[in-house]
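Let me begin by presenting the structure, written as structure tokens, before commenting on it.
Protein chains in written order, with my numbering: chain A, 64 to 225; chain B, 33 to 234.
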């Protein structure tokens, strides 16, 4: 675990990911025990798998899941969302700003979780979640997004453009 | 009229008069129909333009956040597709056309772990797809109305350039021929009468 963590580049929310998820997984597979690697594989920021073996991470993922569900319910019921953990400020702005706000908040929560847990499984799991967050944040691209929208809304025109 | 044989009879003249009367009554109706079709087509074309502006407005409004649609974790086209465009048959300027009612969408259920932006993207896509479907229906309406307009224009031309002038010419020619025949008959009768009188004197 020590070797793995020292070999990984540091991550920043505002900088492009220095390593891909696949590269990280390959490295982790080499350095971690099969039990730990299995836990790492089940940890996913998107799937919000809540049974990941580290209580603080499980709790965060569970809360995110519940809060997102509450935000959706509130929208349908046309009321203010009463989230447990997710701050209301993160829900402001357009969908892109909101998504980035939520991810930035998740990033900070993960930083709190890993504080003081150097060279532990927690740190490895948090690294993966943070890598997923930053990889996702850097996948947001105006031109690509516009293409995706056009491909759904006007597939014929999009083919013509190509 | 050239090449058409006219029967120089009173019955034929009566028939041509009837054709003229009917044609002169029908022409304004077809002209009105032509105007009505043109006006309807223009109205529909304007509506298409309005919808296009609305689509563009929605696109511009969404532009600040469309980047999120390239999210590496979400494939948005799996969430929404058009199942069927529902229309109803209506009568526009005497033509049966399909009017847009709504779009029936296939929308994949959203799970708890689906990012929140997906909800907004689905809403936007539904709105845009509905507007585009309405444009398609209106375009089809214009096609049908234009076909009808061509047909009506052909009829107007037929009445204006063929039927009415031909009937008028036929009536005039038959009239002249009948008049000539009448004069000839009278003249012949007079000649016969004069000849008989002369024979009597001799």
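We treat Cβ as the ideally placed atom computed from N, Cα and C, and that holds for glycine.
Exercise. Spell out whether any CB of chain B is found under 8 Å from the CB atom of residue 76 of chain A.
Key: Along the first chain, read from residue 1 onward, the residue named residue 76 of chain A stands at position 13. When Cβ-Cβ separations below 8 Å define contact, residue 76 of chain A makes no contact with chain B.
Exercise. At 7 Å on the CB atoms, spell out the chain A contacts of residue 103 of chain B, in chain order.
Key: Reading the second chain from its first residue, position 71 is the one you call residue 103 of chain B. Among the residues of chain A, those whose CB is under 7 Å from the CB of residue 103 of chain B are 199, 202 and 203, following chain order.
Self-check item: Limits of the unbroken alpha helix (DSSP H) element including residue 128 of chain A
Solution: Along the first chain, one-based indexing puts residue 128 of chain A at 65. Counting along the chain, the unbroken alpha helix (DSSP H) around residue 128 of chain A starts and ends at 118–139.
Quiz item: Excluding the five sequence neighbours on either side, which residues of its own chain have a C-beta within less than 8 Å of the C-beta of residue 72 of chain A, listed in chain order?
Solution: Counting from 1 along the first chain, the entry for residue 72 of chain A is found at position 9. Only 81 and 82 meet the Cβ criterion.
Quiz item: Which value, in whole angstroms, describes the spacing of the CA atoms of residue 99 of chain A and residue 86 of chain A?
Solution: Counting from 1 along the first chain, the entry for residue 99 of chain A is found at position 36. Counting from 1 along the first chain, the entry for residue 86 of chain A is found at position 23. If I take the Cα positions, the gap works out to 17 Å.
Exercise. Please state if the CB of residue 186 of chain B and the CB of residue 51 of chain B are separated by a distance shorter than 8 Å.
Key: Counting from 1 along the second chain, the entry for residue 51 of chain B is found at position 19. Counting from 1 along the second chain, the entry for residue 186 of chain B is found at position 154. No, the pair does not count as a contact, with Cβ atoms beyond the cut-off.
Quiz item: With 8 Å set as the bound, which would you pick, yes or no: does the beta-carbon of residue 100 of chain B sit closer than that to a beta-carbon of chain A?
Solution: If you number the second chain from 1, residue 100 of chain B lands on position 68. With 8 Å as the cut-off, residue 100 of chain B counts as an interface residue toward chain A.
Quiz item: Does DSSP put residue 22 of chain B in a helix, in a strand, or in coil?
Solution: With chain B covering only 33 through 234, there is no way to say anything about residue 22 of chain B.
Quiz prompt | Residues in the stretch 131–160 of chain A having any Cβ partner in chain B nearer than 9 Å | solution = Cβ contacts with chain B come from 131, 132, 134, 135, 138, 154, 156, 157, 158, 159 and 160.
Quiz item: What does residue 145 of chain B touch in chain A if you count any residue whose Cβ is under 7 Å from its own?
Solution: Taking the second chain and counting its residues from 1, the one referred to as residue 145 of chain B is at position 113. Those within 7 Å of residue 145 of chain B in chain A are 109, 110, 111 and 128.
Quiz prompt | Cutoff 8 Å: residue 207 of chain A Cβ touching any chain B Cβ | solution = Against the first chain, residue 207 of chain A aligns to sequence position 144. At least one C-beta of chain B is nearer than 8 Å to the C-beta of residue 207 of chain A.
Quiz item: In or out: residue 140 of chain B buried (at least 16 other Cβ within 10 Å) or exposed?
Solution: By 1-based counting over the second chain, the position of residue 140 of chain B is 108. Label assigned to residue 140 of chain B: exposed.
Exercise. Could you tell me the distance, in whole angstroms, from the CA atom of residue 208 of chain A to the CA atom of residue 109 of chain B?
Key: Walking along the first chain from the start, residue 208 of chain A turns up at place 145. Walking along the second chain from the start, residue 109 of chain B turns up at place 77. If you take the alpha carbons of residue 208 of chain A and residue 109 of chain B, they lie about 12 Å apart.
Quiz item: Hey, which unbroken runs of the beta strand (DSSP E) at 3 residues or more fall wholly within the stretch 109–178 of chain B?
Solution: Fully enclosed beta strand (DSSP E) runs of 3 or longer: 112–124 and 127–139.
Quiz item: Interface residues of chain A around residue 82 of chain B at Cβ under 8 Å?
Solution: The residue you call residue 82 of chain B lines up with position 50 of the second chain. Residues of chain A with a Cβ closer than 8 Å to the Cβ of residue 82 of chain B do not exist; the shortest Cβ-Cβ separation is about 18 Å.
Practice problem: Determine which residues of the stretch 154–170 of chain B have a Cβ less than 8 Å from any Cβ of chain A, and write them out in chain order. | Solution: Answer set for the stretch 154–170 of chain B: 156, 157, 160, 161 and 164.
Quiz item: Counting contacts by CB-CB distance shorter than 8 Å, is residue 214 of chain A in contact with chain E?
Solution: Here chain E cannot be found, since the structure's protein chains are A and B.
Quiz item: Fully enclosed by the stretch 183–219 of chain A, which alpha helix (DSSP H) runs are 4 residues long or longer?
Solution: The alpha helix (DSSP H) runs of length 4 or more contained entirely in the stretch 183–219 of chain A are, from start to end of the chain, 184–200 and 205–216.
Exercise. Using the Cα positions of residue 108 of chain A and residue 195 of chain A, report the straight-line distance between them to the nearest angstrom.
Key: Residue 108 of chain A sits at position 45 when you count from the first residue of the first chain. Residue 195 of chain A sits at position 132 when you count from the first residue of the first chain. Distance between the alpha carbons of residue 108 of chain A and residue 195 of chain A is about 7 Å.
Practice problem: For residue 144 of chain A, name the three-state secondary structure that DSSP assigns. | Solution: Here residue 144 of chain A refers to the residue found at position 81 when the first chain is read from its first residue. It is coil, neither helix nor strand.
Quiz item: Which of the residues in the stretch 119–149 of chain B, read from start to end, lie with their CB under 7 Å from any CB of chain A?
Solution: Residues passing the 7 Å Cβ filter: 144, 145, 147, 148 and 149.
Quiz item: Do you know whose CA, among B/112, B/143 and B/132, lies nearest residue 215 of chain A's CA?
Solution: Reading the first chain from its first residue, position 152 is the one you call residue 215 of chain A. Ranking B/112, B/143 and B/132 by Cα distance to residue 215 of chain A puts B/112 first.
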